[in-house]
Amino acid sequence: MSSIILVSLAMMALALCLAFARLYRGPSLPDRVVALELFSAILVGMIGLIAIATDVPSLLDVAIVMALMAFMATIGFARFLERGGPRDD
Amino acid sequence: MIELLKNILILAGSVFMLVAALGVLRLPDLLTRMHATTKAATLGASLIMLAVALHFAVEAVVARAFGVILFLLLTAPVAAHVIGRAGYFVGTRLWSGTVKDELRPNYDSVTHRLSSHRETDANAAPAPGESDEAG
């Protein structure tokens, strides 16, 4: 595993921590959904990096499924919010 | 050469992701946070998938990597639109420095319909029963 990949993985781990801070603090539910979406994008990148580091191309399938699940979850949360989530105003 | 290009792509992608996470933590309200995550995180993941395609350089893997990029580019705007719409309906507060919210006076929060306040009988919105798409 080259040092470039290690540095990039460290940066992405830091990014995951920052997104988790927003997920924890997020004042409203849509903020938390946005943080979850960011989670999934970072995870797709991390899986790609691990595929490069370990020379296992099948990991890309995991990335595809990750992206698909995140999109579905976002749509589901949005429908839930529109159909009677808690109102703030 | 390929190695150098790959390293540049990996570093750029992870930097963009870090910037997106910083933005989602530091920016003041929902819409600006979405502005950070949707674009920067999508670009970061796409750059890393390009690096994957360069690293393996086999048809099946390249096709899959481009499939991931295409899927991210297709779904990111849709997801952002849907979440922004739901957030506006739920009533999340805008940033205190927001200059103008043009949707507020023209939008009926009960029926989720826009109006221009110039409706006549001829161009009125269809009744709820005959509309093609409700809410």
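Chains E and L, in that order, give the protein sequences. If you count by my numbering, then the first sequence holds residues 1 to 89, one letter each, in order. If you count by my numbering, then the second sequence holds residues 1 to 135, one letter each, in order. Quick reminder that beta carbons are idealized off the backbone N, C-alpha and C, glycines included. For clarity, every value in this text was computed on a predicted model and none was experimentally measured.
Where residue i falls: helix, strand or coil (DSSP)
{"i": "Glu119(L)", "result": "coil"}
{"i": "Ser83(E)", "result": "A quick correction: the sequence has Arg, not Ser, at residue 83(E). In the structure shown, Arg83(E) sits in coil (DSSP, three-state: anything other than H, G, I, E or B)."}
{"i": "Arg26(L)", "result": "helix"}
{"i": "Asp61(E)", "result": "helix"}
{"i": "Asp89(E)", "result": "Model confidence at Asp89(E) stands at a pLDDT of 46, short of 50, so the residue's coordinates are unreliable; what they give is reported in the following sentence. Coil."}
{"i": "Asn7(L)", "result": "helix"}
{"i": "Ala134(L)", "result": "The predicted position of Ala134(L) is uncertain, since its pLDDT is 46 and thus under 50; no value can be drawn from it."}
Boundaries (first-last residue) of the alpha helix (DSSP H) holding residue i
{"i": "Ala19(E)", "result": "Ser3 to Arg25"}
{"i": "Met1(L)", "result": "Premise fails: Met1(L) is in no alpha helix (DSSP H) and is neither H nor E."}
{"i": "Asp31(E)", "result": "Leu29 to Thr54"}
Per-residue contacts from residue i into chain C (C-beta, under 7 Å)
{"i": "Arg33(L)", "result": "Note that chain C does not occur in the displayed structure, where the protein chains are E and L."}
Query raised in the report: Residue ranges of each alpha helix (DSSP H) run of no fewer than 4 residues wholly in the region 46-113 of chain L, ordered along the chain?
Result: 59-90 and 103-106
Query raised in the report: What residues in the region 30-51 of chain E bring their beta carbon closer than 7 Å to a beta carbon of chain L?
Result: Pro30, Asp31, Val33, Val34, Ala35, Glu37, Leu38, Ala41, Ile42, Val44, Gly45, Gly48, Leu49 and Ala51
Requested in this report: Can you give me, in chain order, the residues of the region 6-18 of chain E that have a beta carbon less than 7 Å from any beta carbon in chain L?
Outcome: If the cut-off is 7 Å between Cβ atoms, the region 6-18 of chain E has Ser8, Met11, Met12, Leu14, Ala15 and Leu18 near chain L.
Requested in this report: Pull out every residue of the region 2-13 of chain L whose Cβ sits closer than 7 Å to any Cβ of chain E, in chain order.
Outcome: Asn7, Ile10, Leu11 and Gly13
Query raised in the report: Along the region 72-86 of chain E, what residues have a CB closer than 7 Å to any CB found in chain L?
Result: Thr74, Ile75, Ala78, Leu81, Glu82 and Gly85
Query raised in the report: Going along the region 45-57 of chain L in order, which residues come within less than 7 Å of chain E, judged by CB to CB distance?
Result: Ala45, Ile48, Met49, Ala51, Val52, His55 and Phe56
Query raised in the report: Using a Cβ cut-off of 7 Å, which residues of the region 63-78 of chain L contact any Cβ in chain E, in chain order?
Result: Arg64, Ala65, Gly67, Val68, Phe71, Leu72 and Thr75
**Report entry** Residues of the region 90-122 of chain L whose Cβ lies closer than 9 Å to any Cβ of chain E, in chain order
**Finding:** The residues in question are Val90, Gly91, Thr92, Arg93, Ser109 and His112.
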